[in-house]
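If you read the sequence shown in our numbering, its first letter stands for residue 1, the second for the next number, and so on. Every residue, glycine too, gets a C-beta built ideally from N, C-alpha and C. Quick notes on the structure that follows.
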Amino acid sequence: MCRTGGIPEPAGTGGEATTDAAFSALLEDSPEDLYESAPCGYLSTMMDGTIAKINSTLLDWLGLDREDVAGGKRFADLLTIGGKLYHETHFAPLLRMQGELRGIALDMRRRSGGPLPVLVSAVIKHGSEGEPLLIRITVFDASDRRAYEKELLHRRQEAERARAEADEARRQAEADRTRLADALAVLQRSLVPDSLPAVPGLETAVHYHTASPDQLGGDFYDLFPVAGDRWAFFLGDVCGKGPEAASLTSLTRYTLRAAAHHDPDPASALSTLNAVLHERYTGDGNPRYCTCIFGIVEPGGEHGRTVVRLASGGHPPALVLRTDGRAEYLPTPGGLLIGVVPGAPMGTAETVLAPGDTLVLYTDGLTEARIGSGRDELYGEDALHAFATEHAPAAPREVITALTGLLEGFGDGLDDDTALLALGVPAAPSPMSPATSHTS
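Below, the structure is given as structure tokens:
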């Protein structure tokens, strides 16, 4: 080899010389020095455990003097109380049976009083005749390993505790959700009738679909008698969800009931509701409104005409399934949302139900259900008209059953509450107690 500039470099220098020097120094180490200064503890004991020899490394770790240990103490005397117990019950018996042990975790006692975590390996040396002569023991400082294991254990315990807390929180949340759903279901039922009354000369059926068990819905309906042989009915949808919607629903239902008993004219009842909502909610800058269709039906008896008069405030039109197989809407044009402006006009309509005819009211959860592969189209009134035409003629229970199946077919496309109410004149003379169907 040559240095830079072409000057020859003396052989045997540089890295090779350093390695040779280190190797020579290693060969000059005496066995005694290797034993005494080893990076681990060494000791040899008699078969009864009396220490015959111990290296400087272990003495330094324990803070002991050689003359106090060799010949005067047993190996078990260097252990903590727990280590002594394990030595007597496990370590010593196993060593005698097996002749050797490897990597046993023990705690040795320092002069300062603190424990020294160690890993101990031991082997019995035998004589030429196979008799046991002494025990050779190797001791490794396991402080870092013990600290690492404790940290791992601590982390695992923290993780288990966190997992247990998360599981408990999840169980609590599920229990809270169940209690909330139960409470909301009870409150939701209080906002609509438990069942519809039997109306002489009519069949009725109803269905209510709640989009979310975690929120109060805003759809409502009712059917009740007013003066004479007349019956009032209504169906509607308040804005919003939750407690505010529930409060508005309750106010709307009781206002309409009171208004109908005072003046059963449909337009007058909705005008009264409009005045109440406008006065109640617009003053605080938080207007609340609803859509509603209100009707009065006068059953005609076995041979009379069943007349229905309707008024609507911004609600989808009623649908009539005729006994001749036709389906037609009853338009109520000009009706505005109820509660928005004072003196809002109400759209009105009137029809006669012949035997076999059925009148259907619904909220916009039905017509605004999302369809198509991308859920980007609305079901719409045209599709509903075609569906009704396909099923006409049909009694109220049959219509509600068919529409309930339609709602279920929308799947996750039905993301709004939906109320359905059907009233019809039986196609044939009915028994004394007319049929009423109520599903939810």
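Pairwise C-alpha distance: residue j and residue i
i	j	result
arginine 280	threonine 272	12 Å
leucine 378	leucine 407	13 Å
glycine 5	arginine 146	Note that glycine 5 has pLDDT 47, beneath the 50 cutoff, so the model's placement of it is unreliable and the number below is only indicative. Spanning the two alpha carbons is a distance of roughly 57 Å.
serine 430	proline 197	Annotation note: pLDDT 46 at serine 430 (below 50); position unreliable, coordinate value reported separately. Each residue's alpha carbon lies about 16 Å from the other.
cysteine 239	alanine 327	29 Å
arginine 102	arginine 96	13 Å
threonine 45	proline 132	11 Å
lysine 73	glycine 83	15 Å
threonine 210	glutamate 160	39 Å
arginine 110	serine 56	14 Å
threonine 255	isoleucine 296	16 Å
glycine 372	aspartate 412	11 Å
tyrosine 362	alanine 419	6 Å
leucine 330	threonine 306	16 Å
methionine 108	aspartate 167	41 Å
lysine 447	arginine 156	For residue 447 there is no data in the structure shown, the boundaries of the chain being 1 and 440.
phenylalanine 224	phenylalanine 233	6 Å
aspartate 20	glutamate 32	23 Å
proline 266	alanine 311	5 Å
alanine 318	aspartate 364	12 Å
threonine 469	alanine 402	Lying outside 1 to 440, the shown extent of the chain, residue 469 is not represented and no answer is given.
serine 30	proline 39	15 Å
aspartate 194	arginine 253	14 Å
alanine 435	glycine 405	Any reading at alanine 435 must be qualified, since the residue scores a pLDDT of 44, below 50, and its modelled position is unreliable; no value is offered.
glycine 335	proline 316	10 Å
threonine 50	serine 143	26 Å
glutamate 36	isoleucine 54	8 Å
valine 340	tyrosine 289	6 Å
phenylalanine 75	serine 128	25 Å
alanine 388	glycine 242	32 Å
histidine 391	aspartate 229	30 Å
alanine 164	leucine 153	16 Å
aspartate 65	aspartate 48	21 Å
aspartate 141	alanine 162	33 Å
Beta bridge counterpart(s) of residue i as assigned by DSSP
i	result
glutamate 408	Glutamate 408 pairs with nothing; no bridge assigned.
phenylalanine 233	Leu223 and Gly295
glycine 424	Glu203 and Thr358
cysteine 290	Val238 and Ile338
glycine 218	Its beta-bridge partners do not exist; DSSP assigns none.
glycine 41	Val139
threonine 367	Threonine 367 is not bridged to any residue.
alanine 198	Partner(s): none; alanine 198 has no beta bridge.
leucine 319	Tyr329 and Val360
alanine 419	Tyr208
threonine 306	Leu353
Beta strand (DSSP E) segment containing residue i, residue limits
i	result
alanine 349	347-353
histidine 315	Premise fails: histidine 315 is in no beta strand (DSSP E) and is neither H nor E.
threonine 358	358-362
alanine 327	327-330
Alpha helix (DSSP H) segment containing residue i, residue limits
i	result
alanine 245	242-262
serine 281	Inspection of the sequence shows that residue 281 is occupied by tyrosine rather than by serine. Counting along the chain, the alpha helix (DSSP H) containing tyrosine 281 begins and ends at 266-281.
leucine 34	31-36
leucine 384	380-391
Contact check, residue i vs residue j, beta carbons under 9 Å
i	j	result
isoleucine 293	glycine 313	yes
leucine 423	glutamate 203	yes
valine 123	glycine 99	yes
alanine 52	alanine 70	yes
leucine 251	leucine 277	yes
phenylalanine 220	threonine 249	yes
glycine 201	glycine 300	yes
alanine 427	leucine 321	no
asparagine 286	proline 342	no
histidine 261	valine 308	no
threonine 291	leucine 337	yes
leucine 134	valine 118	no
alanine 245	glycine 218	yes
aspartate 237	aspartate 415	no
valine 139	glycine 41	yes
proline 115	threonine 80	yes
leucine 235	leucine 421	yes
alanine 205	arginine 397	yes
threonine 332	methionine 346	yes
valine 399	valine 425	no
Contact test: residue i Cβ vs the ligand MG heavy atom, cutoff 8 Å
i	result
tyrosine 254	Annotation note on the ligand MG: not contained in the displayed structure, which lists no ligands.
Q) In chain order, which beta strand (DSSP E) runs of at least 3 residues are fully inside the region 115-178? A) 115-126 and 132-141
Q: Report the residue ranges of all alpha helix (DSSP H) runs contained in full by the region 44-127; include only those spanning at least 4 residues, in chain order.
A: 56-62, 66-69, 81-86 and 92-98
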